[in-house]
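Visitor: Here you go, one structure.
Number of protein chains: 2
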Amino acid sequence: MNGADLLCETLLANGIDTCFANPGTSEMHFVAALDRQPRMRCVLGLFEGVVTGAADGYARMADKPAATLLHLGPGLANGLANLHNARRARSPIVNVVGDHATYHLQYDAPLTSDIDSLAWPMSHWVGRTESADAVGERTAQAIAAARTGAGGISTLILHADAAWTETSAAVPAVVALPSPATPDPARIREAAEALRNGKRTTILVTGTALRAPQAEMLDRIGQKTGARIMAQQANARMQRGAGRVALDRVAYVIDQALANFDGTEQILLIGASVPVGFFAYPGKPGLMLPEGCRVIAMADADDDLPAAIAALAQETGMAPAARLTEHGAPDMPNGALTPDAIAIALAHLMPENAIVCDESVSSGRDFFRSTHGAAPHDFLQLTGGAIGEGIPMAIGAAVACPDRKVIGLQADGSGMYTVQGLWTQARERLDVVTIIFANRLYKILHGELKNVGAGAPGENARRMLDLDDPALDWVHIANGMGVEAARADTAEAFFDLLRSAMSRKGPFLIEAVL
Amino acid sequence: MNGADLLCETLLANGIDTCFANPGTSEMHFVAALDRQPRMRCVLGLFEGVVTGAADGYARMADKPAATLLHLGPGLANGLANLHNARRARSPIVNVVGDHATYHLQYDAPLTSDIDSLAWPMSHWVGRTESADAVGERTAQAIAAARTGAGGISTLILHADAAWTETSAAVPAVVALPSPATPDPARIREAAEALRNGKRTTILVTGTALRAPQAEMLDRIGQKTGARIMAQQANARMQRGAGRVALDRVAYVIDQALANFDGTEQILLIGASVPVGFFAYPGKPGLMLPEGCRVIAMADADDDLPAAIAALAQETGMAPAARLTEHGAPDMPNGALTPDAIAIALAHLMPENAIVCDESVSSGRDFFRSTHGAAPHDFLQLTGGAIGEGIPMAIGAAVACPDRKVIGLQADGSGMYTVQGLWTQARERLDVVTIIFANRLYKILHGELKNVGAGAPGENARRMLDLDDPALDWVHIANGMGVEAARADTAEAFFDLLRSAMSRKGPFLIEAVL
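Set out below in structure tokens:
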């Protein structure tokens, strides 16, 4: 057994049996080791942003890490944007990044770079394996770090000689996962007291507080105490739809986000942070809370949020039943295809237990309004604002949950970032329907340019913010990567296409021309 | 005038009039400033790897920097792989990376990350502009750093509030470019003496030593002294073809690279580094030189290489004339389409002054053999080994040289990395013909897996190294992004397609099925 085999065995012993990969020469011994291990499922991405985004989507749905396999500093760099999103989502991931043989670094060969400096901004843990004997223990540390608290990004740098050298070191004992931090009773009591003081209160939540049972409990606490329950702006995973509690999220647009907290006298944080502006704007505040609003940080992101909510319920009491949304959808409109028509069609047609991966950016802002009564589903968001996550996230969700329909809500501009992911959907026959919101511009940026007070965009601004001239033909692009596709430009045509896409298995793409 | 205007004015005052861009909200004031400046050409890339790779290709052909515009840490991260290549090519680039307003960083908003840590591994200079008044001076420093020595990567982090705040600071004086370091006479004399000692000598060169006049002078020195002239394995730009000196490069494959230096007793470095293995392999050396080979570092990469070569010629004398290659090409083969048939077709059909951007990886290894007598052209290579540079590099070369035909030799695996660049070729009507070497696998890695001794690849290895199932349809992909395309699977069909592509202007793609 060599170091690469030891790494592979250690991952498998800890239940990490999926590896999203784009390997290179320095990782070839690890590829050979994976080849000797049919228990490991290897999924190729044709770009590293696909690899890391898929690992993020997988972690969110599997509640455990996948491994990634990346080729030196540049391969890691290509995957960093979606690791940024994963880090913000607190998704557990174990990155394996190849590096030159230890003794080869001195030569500054062309692919040499400072991998640690690249890795740290998007990792919770970074480590190197400098000998084959050490690979097992280092891998165990990486796994432990990834599974601590709410979840973390571990980046394990595997030197080529550590991979290819024979070792007699044993596979380490299965990593004992640290118990999640139990909620601090004093903080729970403080929170419960605050909920009795009659002030206008928002309970802001994220993470596992957004699973269906926790959302129900929160709703019952809210009914009992008069507090409003809200999810933060972007969340790794929300369980919602018919038969579940309808939670709203904080808005992205700054004036709406400020309005969300208008009159709020105190805010209770469960896993969430104090709400801040996604960006700064001249003359507008960075904090979304009104002046003087009291902040009660009841449970941190790394705490055991379900236990914290249960403890809070003990203190406050609860209403006898949660207010669950009834199944239903608004009437399907006719005529022009709009983002709202797409949402309503989905509300009608989404099957039970679908997984919705949302990177619709500006086009999807009203999705919630129409889909509270859709069939129950999981809703996964872009958590770090680094676009190019939607198509890969759908890959990961589909690999984690092969029996569930995955629906990608995909803006066209961000879809182009990791468009290669469509090929992986075809290769793996994943049950993903991607809906491209083809507005043919970076619409969000047109809005921002207006906010800046720059007036009507001129030639240079239009050339940087518009995606026409030429328009992207998503049907051709998808077909070129092996994914069947069709175009709709009316509400009726979209409804029909979506119905047919929902009734079949396998990848499909709908270009929704807005 | 605000800070963004000051930045724009400072760039323009220093001759930087091209900006490859993918902006976001935090850069919107810079977008507005660019919009007020029609003198600045803004070229949109639909992914930041396209942006930075284009800036690299532009710098190589324009011999001056372009600016890039990137969106915070993740936007920079997406562009790092091609900045890695540009850094290895010593291409001057001025990156402008937006960051949050200074006072907003404390809130750790979703897109916040440690931009400095990300930037340093791929930059020669990193700086922040923390006030509008300081923007001009900081920009001047960034430009100076990019134009020092052979060229460097400057990363200027522009805080949103520095961009939007009004300033009365003046545009700084045009940056005085430091003169390139003059060659050290003692080193020149040492080199000239070594060339007289009768030992088997290789003169290894790169950078501006590979422009046509320098190559001629080197050839004349070589004739006079008996030394062999070679280019290093990967070079930013070589001028070659008929009427020029035919130089060979060090091989990529380790055993061939070792053979290149078999029997070499001394090596004279002009801009080049000591040749090392691209990767380490078990039981093979990292240095490509035979034991005891003397190394004479005559001129460093940052030195004035043309002056160094002229000074060396003064010391050694030169043969009266360089050996220039005659125009001609091997006979065009019939039947199966092979990489060699593609090279021969190009040798026949390339117009004068074409620019060849080579990311053909394993398929292009024999390109030189057949094209020494092709029409004179510039040959641009992947210098850092980070794949995904070819399509973007062609964009940059075509923007820099709108009157020259640009030919991309593009492996399929690496082409998928930044496939979005095809859209920019269409948008800008660039005169680029992209030839996809569609072997439908990461062929180089199949070779490496074999070298590892792993035997025939099994299921997991094949799923990570093969690009079939489904095969990529490059004609559909290119069409989807607005680029006309066609497929060839015989030598004859390829020749006909290439001839027609050479006779028209504008982007075209040929999928060469191997």
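Sequences listed follow chains G and F, in order.
For the first sequence, the UniProt record's numbering gives the first residue as 1, with consecutive numbering after it.
For the second sequence, the UniProt record's numbering gives the first residue as 1, with consecutive numbering after it.
A virtual CB, placed ideally from N, CA and C, is assigned to each residue, including glycine.
None of the values given here were measured: they were computed from a predicted structure.
1) Near L83/F, which residues of its chain fall below 6 Å by C-beta distance, leaving aside the five closest residues on each side in sequence?
2) Just to confirm, is the Cβ distance from Q239/G to A212/G under 7 Å?
3) Which of the residues in the segment 469–491 of chain F, read from start to end, lie with their CB under 9 Å from any CB of chain G?
4) Cβ of H29/G less than 7 Å from any chain F Cβ?
5) By alpha-carbon positions, which one of M464/G, G480/G and G73/G ends up nearest to A33/F?
6) Going by DSSP, name the residue or residues bridged to I157/F.
7) Below 8 Å on the Cβ atoms is my guess for G79/G versus L70/G; work out the distance and round it to an integer in Å.
8) Taking 7 Å as the cut-off, decide whether the C-beta atoms of G415/G and C357/G are in contact.
9) Please look up how many angstroms separate the CB atoms of Q266/G and T201/G, rounded, as I've assumed it's under 8 Å.
10) Exposed or buried, what is V295/F when buried is set at 16 or more other beta-carbons lying within 10 Å of its beta-carbon?
11) Residues of the segment 394–424 of chain F with a CB closer than 9 Å to any CB of chain G: list them in chain order, please.
12) Taking Cβ to Cβ, would you say residue 525/G is nearer than 7 Å to N334/G?
13) Compare the Cα-Cα distances from residue 515/F to each of R504/F, S503/F, T18/F and A485/F and report the closest residue.
14) Is L177/G buried or exposed, if buried means 16 or more other CB atoms sit within 10 Å of its CB?
15) Looking at chain F, which residues of the segment 453–468 of chain G have a Cβ within less than 7 Å of any of its Cβ atoms?
16) Nearest-angstrom Cα distance between residue 515/F and G24/G?
17) Can you give the Cα-Cα distance for D203/F and L7/G, rounded to whole angstroms?
18) Based on Cα-Cα distance, which residue from R249/F, V174/F and S363/F lies nearest to Q141/F?
19) Run through the DSSP bridge pairs and tell me what T167/G is partnered with.
20) Mind checking the segment 263–288 of chain F against chain G and listing, in chain order, the residues whose C-beta falls within less than 9 Å of any C-beta there?
21) Going residue by residue through the segment 248–274 of chain F, where are the continuous alpha helix (DSSP H) segments of at least 4 residues, counting only ones entirely within it?
22) Just the C-alpha distance for E428/F and A242/G, rounded to the nearest angstrom, thanks.
23) Since C357/G is in the alpha helix (DSSP H), which residue starts that stretch and which ends it?
24) Assuming V250/G contacts I229/G under a Cβ cut-off of 8 Å, what Cβ separation, rounded to an integer in Å, is found between them?
25) Buried or exposed: T182/F, going by 16 or more other Cβ atoms within 10 Å of its Cβ?
26) Tell me the rounded alpha-carbon separation between M393/G and T155/G.
27) Any Cβ of chain G within less than 7 Å of the Cβ of R88/F?
28) Would A163/F and A4/F be called neighbours here (beta carbons separated by less than 7 Å)?
29) Is any beta-carbon of chain F found at less than 7 Å from that of P121/G?
30) Thinking A134/F and I93/F are a contact (beta carbons under 8 Å), I'd like their distance in whole angstroms, please.
31) Is there at least one Cβ from chain G nearer than 7 Å to Y58/F's Cβ?
32) Using 8 Å for Cβ pairs, my map puts L111/F next to A299/G. What's the rounded Cβ distance?
33) Measuring CB to CB, does S362/F end up less than 7 Å from K443/F?
34) Give me the Cα-Cα distance between P172/F and L76/F, rounded to the nearest whole angstrom.
35) At least one CB of chain G closer than 7 Å to the CB of C8/F: is that the case?
36) Please report the Cβ distance between P339/F and D366/F, rounded to the nearest whole angstrom; I am assuming they are in contact, meaning their Cβ atoms lie under 8 Å.
Guide: Reading off the structure:
1) Counting from 1 along the second sequence, the entry for residue 83/F is found at position 83. Contacts found: T52, M122 and I153.
2) As a working mapping, residue 239/G is identified with position 239 in the first sequence. As a working mapping, residue 212/G is identified with position 212 in the first sequence. Taking 7 Å as the Cβ cut-off, Q239/G and A212/G qualify as a contacting pair.
3) D469, P470, A471, L472, D473, W474, V475, H476, I477, A478, N479, G480, M481, G482 and V483
4) Taking the first sequence and counting its residues from 1, one reaches residue 29/G at position 29. Answer yes: the Cβ-Cβ gap between H29/G and chain F drops below 7 Å somewhere.
5) As a first step, residue 33/F must be located in the second sequence, where it is residue number 33. Answer by Cα proximity: M464/G.
6) The residue given as residue 157/F occupies position 157 in the second sequence. Partner(s): V97/F and R128/F.
7) On the first sequence, position 79 is the one that residue 79/G refers to. On the first sequence, position 70 is the one that residue 70/G refers to. Going by Cβ atoms, the distance from G79/G to L70/G rounds to 6 Å, so yes, they are a contact pair.
8) Reading the first sequence from its first residue, position 415 is the one you call residue 415/G. Reading the first sequence from its first residue, position 357 is the one you call residue 357/G. No; because the gap between Cβ atoms is not below 7 Å, this pair is not in contact.
9) Stepping through the first sequence from its first residue, residue 266/G is reached at position 266. Stepping through the first sequence from its first residue, residue 201/G is reached at position 201. Confirmed, Cβ separation roughly 5 Å.
10) To locate residue 295/F, count along the second sequence from 1; it is residue 295. With fewer than 16 other Cβ atoms within 10 Å, it is exposed.
11) G413, M416, Y417, T418, V419, Q420 and W423
12) As shown, chain G starts at 1 and ends at 514. That puts residue 525/G outside it, with no answer to give.
13) Given that chain F is displayed from residue 1 to residue 514, the structure contains no residue 515/F and the question cannot be resolved.
14) One-based indexing of the first sequence puts residue 177/G at position 177. That one is exposed.
15) A454, P457, G458, E459, N460, A461, R463 and M464
16) This structure gives no information on residue 515/F, because the portion of chain F shown stretches from 1 to 514.
17) Here the question's residue 203/F lines up with position 203 in the second sequence. Here the question's residue 7/G lines up with position 7 in the first sequence. A small fix is needed here, since residue 203/F is Ile in this sequence, not Asp. Taking the straight line from one Cα to the other gives about 44 Å.
18) Your numbering for residue 141/F matches position 141 in the second sequence. It is V174/F whose Cα lies nearest to the Cα of Q141/F.
19) As a first step, residue 167/G must be located in the first sequence, where it is residue number 167. In DSSP, T167/G forms no bridge with anything.
20) S273, V274, V276, G277, F278, F279, A280, Y281, P282, G286 and L287
21) 254–260
22) By 1-based counting over the second sequence, the position of residue 428/F is 428. By 1-based counting over the first sequence, the position of residue 242/G is 242. Each residue's alpha carbon lies about 48 Å from the other.
23) On the first sequence, position 357 is the one that residue 357/G refers to. Run containing C357/G: none in the alpha helix (DSSP H); it sits in the beta strand (DSSP E), A354 to E359.
24) Translated into the one-based positions of the first sequence, residue 250/G becomes position 250. Translated into the one-based positions of the first sequence, residue 229/G becomes position 229. Between I229/G and V250/G the Cβ distance is about 12 Å, and since that is not below 8 Å, they are no contact.
25) Here residue 182/F refers to the residue found at position 182 of the second sequence. When all chains shown are included, T182/F counts as exposed.
26) The count along the first sequence starts at 1 and reaches residue 393/G at position 393. The count along the first sequence starts at 1 and reaches residue 155/G at position 155. Cα to Cα, the separation comes out at about 19 Å.
27) Indexing the second sequence from 1 puts residue 88/F at position 88. Output row for R88/F: interface = yes.
28) Counting from one through the second sequence, the residue named residue 163/F turns up at place 163. Counting from one through the second sequence, the residue named residue 4/F turns up at place 4. Their beta carbons are under 7 Å apart, which means A163/F touches A4/F by this criterion.
29) Here residue 121/G is taken as the residue at index 121 of the first sequence, counted from 1. True, the Cβ-Cβ gap to chain F drops below 7 Å.
30) Mapped onto the second sequence, residue 134/F falls at position 134. Mapped onto the second sequence, residue 93/F falls at position 93. Actually they are not in contact, since the Cβ atoms of A134/F and I93/F sit about 21 Å apart, beyond 8 Å.
31) One-based indexing of the second sequence puts residue 58/F at position 58. Output row for Y58/F: interface = no.
32) As a first step, residue 111/F must be located in the second sequence, where it is residue number 111. As a first step, residue 299/G must be located in the first sequence, where it is residue number 299. About 25 Å separates the two Cβ atoms, so there is no contact after all.
33) Sequence index remark: in the second sequence, residue 362/F carries index 362 (1-based). Sequence index remark: in the second sequence, residue 443/F carries index 443 (1-based). Against a cut-off of 7 Å, the Cβ pair of K443/F and S362/F comes out as a contact.
34) As a first step, residue 172/F must be located in the second sequence, where it is residue number 172. As a first step, residue 76/F must be located in the second sequence, where it is residue number 76. Distance between the alpha carbons of P172/F and L76/F is about 26 Å.
35) Looking up residue 8/F in the second sequence gives position 8. Not one chain G Cβ lies under 7 Å of C8/F.
36) By 1-based counting over the second sequence, the position of residue 339/F is 339. By 1-based counting over the second sequence, the position of residue 366/F is 366. Confirmed, Cβ separation roughly 6 Å.
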